[in-house]
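Colleague:
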Amino acid sequence: MLKNNDLQSKHFRGDFLVSNGALIKCSNFEFEKLSKQPFVYEVIRVISSVPLFLEDHFERFERSMRIAAISNPFLFSEINATLQLLINSNSIENGNIKIVYPALSKTSTSGLTAFFIPHKYPNSEQYRKGVEIVTLIQSRTNPNAKISNPDLRKQADEIIANRNVFEVLLIEESGIITECSRANIFFIKQDQIITSPESLILKGITREYIFKICNQNGISLKEKIIHQSNLQHVNATFITGTSPKVLPVCKIDEYSYTTDNPLLLKVMELYNKEIDKYILKRKVQ
């Protein structure tokens with residue numbers, strides 16, 4: 023059994039978390055009680071003390087709670103205040119924050135808990151050369167809601183560690199590609215970007231911004247069913263998510279891809295500009 027300080031280093035970053043509006047030392051928090059039940063959650067990236075795309079995360083948090091049949095008792099202003107308290111109390115300017123709310127909270131006294139978590143961001147070489155991922159025959163029960171799935175998370179983490187890859191790509195038994203365990207995936211074929219329909223995946227916040235960027239810049243982006251057999255026919259591919267942002271993929275199983283595709287590089291550049299624009303807007307408010 024993990025000791026409390028071991029749990030802290032595994033699950034938390036920083037000295038404090040916020041639970042039910044109260045600032046609590048991480049070392050005094052009983053994380054095991056929280057981890058034993060399913061929960062609705064969000065992971066939010068903080069850059070220069072700004073929670074990135076917080077409004078979008080709040081909307082998805084509300085949507086996940088509705089799917090889980092939980093009434094949302096929180097206002098956006100409350101979530102924002104909770105995160106600012108967490109950021110200021112820990113003096114952490116950059117990192118990932120996880121907010122969780124027990125999925126059984128309609129019969130529970132537990133409330134919203136927010137804390138910094140350990141993170142691993144891609145390095146400059148990975149952005150330049152791309153990362154390797156492998157496929158896994160697995161599907162989510164309810165892909166549209168961000169609800170914890172410890173069995174899938176454990177299986178994916180073991181594959182990532184044992185095979186020394188960056189991610190796993192989930193594929194249904196029928197061969198239909200859905201998404202990665204922590205990220206959405208896009209494919210480039212000639213001058214078009216392709217991704218799985220939203221009915222099959224968790225609508226990532228970064229994914230939504232890719233759609234916005236493509237629409238604003240005349241880039242062709244289409245949702246369509248993608249079969250595993252199509253992996254050999256695409257020119258380039260990339261994953262998107264809170265931690266990786268827009269990250270090129272150089273290999274999926276035995277198939278290799280270019281990482282200097284002009285369309286891919288353009289999307290990466292435009293997304294980074296979108297981040298800069300949001301941070302500037304939040305800082306002048």
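For any residue, its number in the numbering used here is found by taking its place in the sequence shown, counting from 1, and adding 22. All C-beta atoms in this analysis are idealised placements derived from N, C-alpha and C, irrespective of residue type, glycine included.
Quickly, what does DSSP pair N206 with across the bridge? List them, please.
Modeller: According to DSSP, N206 bridges with T262.
Colleague: With a 10 Å radius around its C-beta and 16 neighbouring C-beta atoms as the bar for buried, classify S130 as buried or exposed.
Modeller: With a pLDDT of 44 at S130, under the threshold of 50, the modelled position of that residue is not reliable, and no figure is offered here.
Colleague: If we ignore side chains and look at the alpha-carbon of each, how far apart do E291 and Y143 end up?
Modeller: Those two C-alpha atoms are separated by around 17 Å.
Colleague: Return the CA-CA distance between G117 and D173, expressed in angstroms with no decimal places.
Modeller: Cα to Cα, the separation comes out at about 25 Å.
Colleague: Since I198 sits in a beta bridge, which residues does DSSP pair it with?
Modeller: H249, per the DSSP bridge assignment.
Colleague: Could you tell me which of F34, N42 and C48 sits nearest to E100, measuring between CA atoms?
Modeller: Nearest option by C-alpha distance: N42.
Colleague: In three-state terms, what does DSSP make of T157?
Modeller: Here T157 sits in strand by DSSP.
Colleague: Per DSSP, what kind of secondary structure is E52 in: helix, strand or coil?
Modeller: It is coil, neither helix nor strand.
Colleague: Note down, in chain order, each residue of its chain lying with its Cβ closer than 7 Å to the Cβ of D37, except the 5 sequence neighbours on either side.
Modeller: Contacts found: K47, C48 and N112.
Colleague: Are the CB atoms of I199 and R35 within a distance shorter than 8 Å?
Modeller: No. Outside cutoff.
Colleague: May I ask you to report which of helix, strand or coil DSSP gives P124?
Modeller: It is a strand residue.
Colleague: Since I believe R67 is in contact with S203 (beta carbons under 8 Å), could you give me their beta-carbon distance rounded to a whole number of angstroms?
Modeller: S203 to R67, Cβ: 18 Å. No contact.
Colleague: Using the beta-carbon count (16 or more within 10 Å), is Y279 buried or exposed?
Modeller: The residue in question, Y279, is buried, as its Cβ has 16 or more Cβ neighbours within 10 Å.
Colleague: Quick one, are the C-beta atoms of Q212 and K244 less than 8 Å apart?
Modeller: Their beta carbons are not under 8 Å apart, which means Q212 does not touch K244 by this criterion.
Colleague: From the DSSP output, read off the bridge partner residues of P73.
Modeller: BP columns for P73 point to V68.
Colleague: Please state whether DSSP places N110 in a helix, a strand or coil.
Modeller: Helix, per DSSP.
Colleague: Pull up the CB-CB distance for I182 and L158, whole angstroms please, since I reckon it's below 8 Å.
Modeller: I182 to L158, Cβ: 10 Å. No contact.
Colleague: Between which two residues does the alpha helix (DSSP H) holding S146 run?
Modeller: Its alpha helix (DSSP H) spans residues S146 to K151.
Colleague: Using alpha carbons as the reference points, say which of L76, E54 and C272 lies closest to I207.
Modeller: Among L76, E54 and C272, the Cα nearest to that of I207 belongs to C272.
Colleague: Buried or exposed: where does P270 fall if 16 or more other Cβ atoms within 10 Å of its Cβ makes it buried?
Modeller: The residue is buried, with at least 16 neighbouring Cβ atoms inside 10 Å.
Colleague: Check this for me: beta carbons of I227 and L191, under 8 Å apart or not?
Modeller: No, the Cβ-Cβ distance between I227 and L191 is not below 8 Å.
Colleague: Answer with buried or exposed for K305, where buried requires no fewer than 16 other C-beta atoms within 10 angstroms of its C-beta.
Modeller: Exposed is the call here.
Colleague: Within 10 angstroms of the Cβ of H33, are there 16 or more other Cβ atoms? Answer buried if so, exposed if not.
Modeller: Per the 10 Å Cβ criterion, buried.
Colleague: Could you tell me whether the Cβ atoms of V256 and F209 are closer together than 8 Å?
Modeller: Yes; because the gap between Cβ atoms is below 8 Å, this pair is in contact.
Colleague: Along the chain, where does the alpha helix (DSSP H) that runs through A178 open and close?
Modeller: Run containing A178: P172 to R185, per the alpha helix (DSSP H) assignment.
Colleague: Do A258 and N237 count as a contact pair if the criterion is CB distance below 8 Å?
Modeller: Not a contact, by the Cβ cut-off of 8 Å.
Colleague: For E276, count the other beta carbons within 10 Å of its own beta carbon; 16 or more makes it buried, fewer makes it exposed. Which is it?
Modeller: It is exposed - the Cβ of E276 has fewer than 16 other Cβ atoms within 10 Å.
Colleague: Can you tell me whether DSSP reads K303 as helix, strand or coil?
Modeller: In the structure shown, K303 sits in a helix (DSSP, three-state: H, G or I).
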